[in-house]
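Residue numbers (my numbering), protein chains in the order written: chain Y, 4 to 300; chain Z, 4 to 300; chain X, 4 to 300; chain U, 4 to 300.
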C-alpha cells in the first residue's frame, strides 16, 4: 500500500496493529503478522498519496503463473511479468490489471520468516502489543472501483475464487462481492467506489472479547476510528471495529468465522438485498453511517 | 462414527455440542454445524462399540477420485468405490484403507443444506444452545493407530495434505502428525495408539471466552470431562476443553487460529521434541495427564 | 416501576433481562435477580403510563427509620410511614418525597428468597437465559428531574450516601450526580430532566464479553435498543448497552468495577467538566446521541 | 506482608500483578491498585521469611477505634494503639491479635492517592500491564490458623462482619469462613492451617476472559502457578487462577460477583458440607489438589 509518512505508518502498523517488520528497503517497509510464516503480508511504500499499489496471492503450482497470464490476455487484460526479488522475499510473479483498475499480483515462491515464536518447541504465547495479543494475520482487503463485477467475474472464472456473499443493488444487479480462496469467509472483496481505490484492509484477532480491548486501546491512544466503537457485520458475522492509519487508509480488526470451502464452485453465496442491506453491513445499527462508503483511499 | 445408544448420542450432539440433524436413516443420524453448508459433518451409526467408521474429505475436481484411486493402488492400499447415495447427501466416492487401518473417504459432490440462518438476508445470530452460540464447524479429528507415519506419508505425497506440526519421539522419529488441507491449523491428525482408533473429534467455537462458558455448562449438565477444565494446547495454540459423548468417544471444543496455507509444500511444520512435548500438549499444565493418551475409542 | 402491559413487561424482565418472579399480587409482579437474596429488586406495577414509583434502600438498624424521618422533616420533606406488608416481602418502612419529586423508600426488613441455586451445596452455574448467564443483580437507577442537587444534598448529608462522580455544567454548578452506599461505583444517580422521571435502570453482568453476547441477542430478538450497540461509559468505566422495555422504560446491561468504599466521606468524586463531558458519557463515541437525554419515562 | 527479596517482590507485584508503587521506606514498599483511591492496599516488608504481618480495615467513624478496643479487651484479646504515620499514609489505628494469632488492624484515616487516571476528566483506559488491564483492587485475603472459629466469632459479633459462605467439616463444625464488610462476596476468609499463616491474597480482574489472558501471561513469563490453569470456585462462583510470588506467597486473580450486602446480619450464608466440599473449592475439577491446602506462608 502507499503511505505518506513512512515512519508514522511503520509505528502505526507495529504498535497499534501489532505486526512485525521483516525487511526494509529505501522507501519501503515490509511487515508480517506474528502468526504467519511468509515473508510479508503488507508493504508500506512511501508515496505522495494514500491508497493501494497491488494485492498479491500465492499460486499452488509454478505453472499457474503462465496459465494465469494466458487467461488474463484472453480476457483482454494488461499483464506484466515481475522478476524475482523485485518484491523482497518473493520469487518471480505476474501482475494483472483488473477491469476495475486494481493491480492483482500472483507469485509462486515466498521466503519463509516463520512464526514469531519460532518453529521448534515454541512458547506459543506472544508478548502483547498494547494490551492484546497481536493480530494473527492479514485477513482480507475490500477494494473499491468501477466495473468491479468484471473483476470478480475474471477472478472467479479464470482464477478459481469462490463467492461467499454478495449485495444486490436495487436494480437487481450484484454490486458488492466477497471472495475467498481458502476456508475463511473472504480474502478479497469489491464494492462500488472511485476507480482503483481501497476501502479497508482487515486483520484477524482470534477472540471477540479482544475487540473490546482493542477499541479501548484505540481510543486511549487517540487513534482515529469510525464514529462508533464495536459493531458486528451481518456479512461474515464478524465482530468488528474500524480505524485509520496516519495516511487515512482504513483498517479493521475483526473476529469470527463460518465454514467456507476452498473447493471451486461448491460455496453458494449468501445474498443481501433490498431493505436488509444495512443489516448486512452493520447488524447492530441496521444502518450504514454516511461516511462509511464515502471514505476510501 | 459409531455410537452405541443412538438416541442418547443424538441428544448429546444436538444439545451439548450444538449441531443440527439434517437427515436420518434407520440406524443413522446425520448432523451438521449451523454455520456450515454441506449436507453433514458427522454421521452417528448404531453399533455395538464406540469408535470411528471413516473420515471423509471433499475433492476439488471429479477426476481427483480416479487419480486418488490410482495413487492408492500404487501405494498398495485397498480401495473401494462408493455409489452415490450410499452415504446420504453425497455423490459417489472412494474409500481407501490407510496403512494405520483407518478408512479414508473422498467424494466430489455434497448436497447443500445451507447455513441455519438461511442464504438470503440472514439474521446472523443463531438461537443459543445451552448458553453459548453453536459451534461453527467440525474442525478436525485426531486418529490413533500403528503405522501412522505411513498413513501420513501417503496423505502428503499422494493427496497434497500439508504438515503443520509434528511431535518427534525420543528415538528421533516423528510420532504425531497434524495435517491440513485448508488455511486452518489442522483438519486431520495422527498419534500412536491401538489400531484404527480415534482419540477425539474437535469442534470450533469462535471466542476463547466461550470456552469458559462451555466448561461451565458441561459441568452444570454433568457431562463427563477430562480431569481439568480449561487448558491451552501448545500445538495449534488453541484454548481447549475435552469431554466425552455417551459412548465414550472424546470430543473437544477449541478456539484459536494461526495462518496456515492451502498450498502444498509451503507450510514448514512446527516441531515439538524432547522435554518440550508436554508443553506442546498442555501449555498451562506442562504435563500430560495419565489418561489423556490411554483413552481412545 | 410502572408498566403499561404487565404480561409483556414480565416477559421482558424474565426472558430478556433474566430475572425471576418471586411474588405476584393483582396488578403487581415482584422480580429478583438470580444471584441476590432479598425478596425482590423490582416491582412491576400496572399503570396507565411508564415511569418509576419509588426507589428503595435497606437501612442497617431499625432505629435508622425514625432518624431518617426526623431528618427528612428537618429538611422540610414530606414523609409517610409504610406498614409492613404494604410491599410484599418487606417490613415497615418510610417514604420520603425528595426535592426532585422522586419517592425514596427506606425499610429495615426484607424476606429472604435466597440465591436461585440454593443456599446449601449449590451448583453455582445457572441455566442460561437467551444464551448468557442471568444478570447478577440490579445495579443502579438514574433518576431525572429538577432540583436534583437538593435531593443529592439530602441523601449525602442526612443519609450518608457517598458521591463517586459528578458532571459540572458550563455554569460551574454540578448537574449530574452518581451516588453509592456500597463498594460499587454507583447505586443511585441523578441528572437534569422532566420532574420525577427515570432515565434508566441498570443490571450487572459479570463479564465484559457477555455484553457482546447480550447485544447479539437483543438485536436477534428485535428488542428496541439505543442507536448503537456496545459502548463504554467514561463514568464508571463500564462496558454498556442500552435497550427499552415494552413500556419504553430504558434498561442497561453493564459490567465493570472500580473500588469505591462504603465509608461516608472517604470517597472523593471524579469530576467531569467542559469539553470532556461527552467522553464521560460515551468514551468510544466521545459524543452524546441526541435522544440519549431526551428520552426518559 | 513479608517478602524476602524486596526488589524481586516489587517487580512481581508491579509487572505481574499490575499494582503501582505509592511510597517507599527502607525495607518497605507500599503498593496500590490503579483503580483504588487509598494510599495503599499492600505493604511489602523485607523479612527473613514469607507470610503476613497484619490485615487492615478502615472504620466508619473515628470513635469506632475506641469501641473496638473496648470490645477486644472484653474478649480478652491483646490490643495495641498505633500512632499516626507508623504506617505511611495512615492515621492512628488499633492492632488486635485475633485468637488465631493473626494481627488485625483498624484505622480511620487514609491519605488519598486517587485513581491512576486522575480524578478530573479521566481517560479511563489504563496502559496495560502484560497484555491485560491492571487488576482493579485487592479483593480479599484467606488466612489460615488454629481457632479460626473464635476469630470469626469476634469479627462478626464485635465488628459487624457478615458471613457469606462457610464450609462444615465432617464433625459438623464449621471449619472455613468467608466474611464481608461490603457488597462483595468476601473481604476476609479463614481456613484451618498452621498458626498465624496466610493461604493467599486475591486481586480482582473485571472480565472472566481476562483470566484466560492472565494465565497465558503467567505461563509465558514462567511465573510459578498452581498445577492447573483456570478453574472456577464454587465458593464465590469466581473464575480463578493461582500463582506464587518470589517468596512463595500464593496470589489469586479472580473475577465474579454475586450480591451480598453491607448490612449486618442480613446475609444468610451459603453452606458447603460433606461430599460437596470439593465442588465448593474447585467446581470444574470437583477435587482439591493435594498441595492446595498444604502450602501456606
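By construction, the Cβ of each residue, glycine as well, lies at the ideal position given by its N, Cα and C atoms.
Being a predicted model, the structure only gives us computed values, none of them experimental.
- Secondary structure within the region 87 to 152 of chain Z: the beta strand (DSSP E) runs of 3 or more consecutive residues, fully enclosed, are 96 to 100, 106 to 110, 140 to 148 (chain order).
- Residue 87(X) is classed as exposed because its beta carbon has fewer than 16 other beta carbons within 10 Å across all chains shown.
- DSSP places residue 61(Z) in the uninterrupted beta strand (DSSP E) bounded by 58 to 61.
- Shown here for residue 274(U): same chain residues with a beta carbon closer than 7 Å to its own, the five before and five after excluded, namely 169, 171 in chain order.
- Residue 276(Y) and residue 35(Y) have their C-alpha atoms spaced approximately 36 Å apart.
- Interface annotation, residue 15(Y): not in contact with chain U, CB-CB separation never under 8 Å.
- In the DSSP assignment, residue 216(Z) falls within the unbroken alpha helix (DSSP H) covering 211 to 223.
- DSSP lists 233(Y) as the beta-bridge partner residues of residue 233(X).
- Taking C-alpha positions only, residue 215(X) is separated from residue 233(Y) by approximately 9 Å.
- Distances from the CA of residue 204(Y) to each of 243(Y), 100(Y), 166(Y) were compared; the closest alpha carbon is that of 243(Y).
- Listed in chain order, the non-local C-beta contacts of residue 200(X) below 8 Å within the same chain comprise 54, 55, 146, 147, 148, 299, 300, local neighbours out to five positions each way being set aside.
- Listed by position along chain Z, the residues whose Cβ is nearer than 9 Å to that of residue 257(Y) form an empty set, because the closest Cβ is around 11 Å away.
- At a cut-off of 8 Å between beta carbons, residue 95(U) makes no contact with chain X.
- About 4 Å separates the Cβ atoms of residue 193(Z) and residue 151(Z), confirming a contact at the 8 Å cut-off.
- For residue 223(X), the nearest CB of chain Z lies under 8 Å from its own CB, placing it at the interface with that chain.
- For the options 25(U), 44(U), 50(U), 43(U), the alpha carbon positioned closest to that of residue 251(U) is the one of 50(U).
- Residues of chain Z with a Cβ closer than 7 Å to the Cβ of residue 279(Y) are, in chain order, 124.
- At least 8 Å separates the CB of residue 18(U) from every CB of chain Y.
- Nearest to residue 158(Z) by C-alpha distance, out of 78(Z), 13(Z), 20(Z), 29(Z), is 78(Z).
- Against chain Y, the CB of residue 128(U) has a partner CB under 8 Å away; the residue lies at that interface.
- Pairwise C-beta distances place the region 59 to 77 of chain Y out of contact with the region 19 to 27 of chain Y, as fewer than three of them are shorter than 8 Å.
- Distances from the CA of residue 268(Y) to each of 287(Z), 177(Z), 83(Z), 40(Z) were compared; the closest alpha carbon is that of 40(Z).
- Note on geometry: alpha-carbon atoms of residue 68(U) and residue 110(U) lie some 7 Å from one another.
- At least one C-beta of chain U is nearer than 8 Å to the C-beta of residue 215(Z).
- Residues 221, 246 of the same chain have their beta carbon placed closer than 6 Å to that of residue 228(U), with the five preceding and five following residues left out of the count.
- Contact annotation for residue 211(X) against chain Y: 212, 215 [CB-CB distance below 8 Å, chain order].
- Excluding residues up to 5 positions away in sequence, 249 lie with their Cβ nearer than 6 Å to the Cβ of residue 8(Y) in the same chain.
- Interface annotation, residue 232(U): not in contact with chain X, CB-CB separation never under 8 Å.
- Residue 191(Y) and residue 287(Y) have their C-alpha atoms some 24 Å from each other.
- In the DSSP annotation of this structure, residue 80(X) is not part of any alpha helix (DSSP H), being labelled neither H nor E.
- In the same chain as residue 181(Y), and ignoring 5 residues on each side of it, the C-beta atoms closer than 6 Å to its own belong to 167, 168, 189, 192, in chain order.
- Each of 10(Y), 285(Y), 272(Y), 17(Y) was checked against the Cα of residue 131(Y), and the nearest Cα belongs to 17(Y).
- Between residue 128(U) and residue 219(Y), the C-beta gap is smaller than 8 Å, which places the two residues in contact.
- By the CB criterion at 8 Å, residue 206(Y) and residue 116(Y) fall outside the cutoff.
- With respect to the 8 Å criterion, residue 187(Y) and residue 260(Y) are classified as neighbours on the basis of their beta carbons.
- Residues of the region 261 to 289 of chain Y with a Cβ closer than 7 Å to any Cβ of chain X, in chain order: 286, 287, 288.
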